[in-house]
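S.K.: The structure under discussion is supplied below as structure tokens; questions concerning it will follow.
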DNA sequence: CCGCATCCTACTTGATACTG
DNA sequence: CAGTATCAAGTAGGATGCGG
């Protein structure tokens, strides 16, 4: 009875989930569009890095987020994690071939960003000014 | 006194924000990497769409999220919002030149995703299997 | 030195109801 | 039809302390 509307929404959500699950782009976006993943991949572009180096290099990422991000990238086969069981332990991260194949795409995105960021910022200012005027 | 921890958190956040503010790529990623923005831009690729059309087409996005996403895109100058004051009101959204210039990049990302999604999924399975074995 | 586990906060998202 | 406001809930992010 009163379930009709609720039901329809639930159905829509299921359809949506099914759609999302089938969309490779969104799955990839979930990884590369992640708050830190892009930075990490970029930081690894030059070569292998140790955990601590990345932490310094990316300043702002908590140790937790860094580890979490690295593990996600490792899981997706974009980076390898090499543990050297010395004392103390040493851990190196390096891009895999798959990870490196992503670099050009990231570069393209970066290029677009750097090229158009001004337009975006200008548009943003104009928009905000308009908003302020209306308020 | 009890402000110390709070204070440090604020400071750290400021440093982080300053870093982020200087990175055009991250600013752009914040928009295009958004959960819905990509879908919306794609849905608008063919031409102008009404609010309701997008809602149908993207099924799964709540009306709130759709509006929120569209406003963000409008703010960044990627889409235009045209209101026709008829009864009832009609609103059309359309990609701007800037928005269309983003399409190729999105396509590149999509292409990479479709090409490598299998590798990613394979890596993911292998990783999870390894995890399960360890647990 | 690395990373895991815990706790806690804040932001994001979604459902619902109401206005123009 | 389009959009806004409010409230509840889930999730991501961060601080801290412990273990390998």
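Chains as they are written, first to last, in my numbering: chain A, 123 to 257; chain B, 123 to 257.
All residues carry an ideal CB built from backbone N, CA and C; glycine is no exception.
Return helix, strand or coil for residue 131/B, following the three-state DSSP convention.
M.R.: Here the question's residue 131/B lines up with position 9 in the second chain. Annotation note: pLDDT 45 at residue 131/B (below 50); position unreliable, no value reported.
S.K.: Please name the residue, chosen from 223/B, 194/B, 234/B and 220/B, that lies closest to residue 145/A on a Cα-to-Cα basis.
M.R.: Numbered from its first residue, the first chain carries residue 145/A at position 23. It is 234/B whose Cα lies nearest to the Cα of residue 145/A.
S.K.: Could you please give the first and the last residue of the uninterrupted beta strand (DSSP E) stretch that includes residue 218/A?
M.R.: Position 96 of the first chain, counted from the first residue, corresponds to residue 218/A. Run containing residue 218/A: none; DSSP gives neither H nor E here.
S.K.: If we ignore side chains and look at the alpha-carbon of each, how far apart do residue 251/A and residue 156/B end up?
M.R.: Sequence index remark: in the first chain, residue 251/A carries index 129 (1-based). Sequence index remark: in the second chain, residue 156/B carries index 34 (1-based). Between residue 251/A and residue 156/B, the C-alpha separation is close to 24 angstroms.
S.K.: Which of the three DSSP states is assigned to residue 150/B in this structure?
M.R.: On the second chain, residue 150/B is found 28 positions in, with the first residue counted as 1. The answer is helix: DSSP assigns residue 150/B an H, G or I state.
S.K.: My output table needs one value for residue 201/A: the three-state DSSP class, helix, strand or coil.
M.R.: Stepping through the first chain from its first residue, residue 201/A is reached at position 79. Strand.
S.K.: Between residue 242/B and chain A, is there a C-beta pair that is closer than 8 angstroms?
M.R.: The residue given as residue 242/B occupies position 120 in the second chain. Taking Cβ atoms only, chain A reaches closer than 8 angstroms to residue 242/B, which makes this a yes.
S.K.: Please report how far the alpha carbon of residue 124/A lies from the alpha carbon of residue 176/B, in whole angstroms.
M.R.: As a position in the first chain, residue 124/A is number 2, starting the count at 1. As a position in the second chain, residue 176/B is number 54, starting the count at 1. For residue 124/A, the predicted structure reports a pLDDT of 45, less than 50, and the residue's modelled location is therefore unreliable. A value from the coordinates is still provided. Taking the straight line joining both Cα atoms gives about 27 angstroms.
S.K.: Closest to residue 158/B by C-alpha separation, out of 198/A, 195/A, 149/A and 162/A, would be which residue?
M.R.: Within the second chain, numbered from 1, the residue matching residue 158/B stands at position 36. Among 198/A, 195/A, 149/A and 162/A, the Cα nearest to that of residue 158/B belongs to 149/A.
S.K.: What residue range is occupied by the uninterrupted alpha helix (DSSP H) comprising residue 144/B?
M.R.: Taking the first residue of the second chain as position 1, residue 144/B is located at position 22. Residue 144/B -> no alpha helix (DSSP H), and no H or E assigned at all.
S.K.: Along the chain, where does the alpha helix (DSSP H) containing residue 161/B start, and where does it finish?
M.R.: Taking the first residue of the second chain as 1, we reach residue 161/B at position 39. Where residue 161/B is concerned, the enclosing alpha helix (DSSP H) stretches over 159-165.
S.K.: Who are the near neighbours of residue 180/B in its chain, counting only those whose CB is closer than 8 angstroms to its CB and skipping five residues on each side?
M.R.: Within the second chain, residue 180/B is the residue found at index 58, counting from 1. Excluding sequence neighbours, residue 180/B sits near 158, 161, 162, 165 and 188.
S.K.: By a C-beta neighbour count over all protein chains shown, 10 Å radius and 16 as the cutoff for buried, is residue 201/A buried or exposed?
M.R.: Sequence index remark: in the first chain, residue 201/A carries index 79 (1-based). Buried, since its Cβ has 16 or more Cβ neighbours within 10 Å.
S.K.: Would you verify that the beta carbon of residue 221/B is, or is not, closer than 8 angstroms to some beta carbon of chain A?
M.R.: Walking along the second chain from the start, residue 221/B turns up at place 99. No, its Cβ sits nowhere closer than 8 angstroms to a Cβ of chain A.
S.K.: Could you work out which residue in 168/A, 220/A and 174/A is closest to residue 241/B when comparing CA atoms only?
M.R.: For the purposes of this step, residue 241/B is taken as the residue at position 119 of the second chain. Nearest C-alpha to residue 241/B: 220/A.
S.K.: Output, in sequence order along the chain, the residues in the stretch 207-221 of chain A whose CB is closer than 7 angstroms to any CB in chain B.
M.R.: Flagged, chain order: 220.
S.K.: Any Cβ of chain A within less than 8 angstroms of the Cβ of residue 196/B?
M.R.: Walking along the second chain from the start, residue 196/B turns up at place 74. Output row for residue 196/B: interface = yes.
S.K.: Among residues of its own chain, excluding the 5 on either side of residue 169/A, which ones have a beta-carbon nearer than 8 angstroms to its beta-carbon?
M.R.: Here the question's residue 169/A lines up with position 47 in the first chain. Hits under 8 angstroms: 216.
S.K.: Need the endpoints of the alpha helix (DSSP H) that residue 155/B sits in, please.
M.R.: For the purposes of this step, residue 155/B is taken as residue 33 along the second chain, with counting starting at 1. Note, residue 155/B: premise wrong, no alpha helix (DSSP H); not H, not E.
S.K.: When Cβ atoms are compared, which residues of the stretch 172-183 of chain A fall closer than 8 angstroms to chain B?
M.R.: Under the 8 angstroms Cβ criterion, the stretch 172-183 of chain A contributes 181 and 182.
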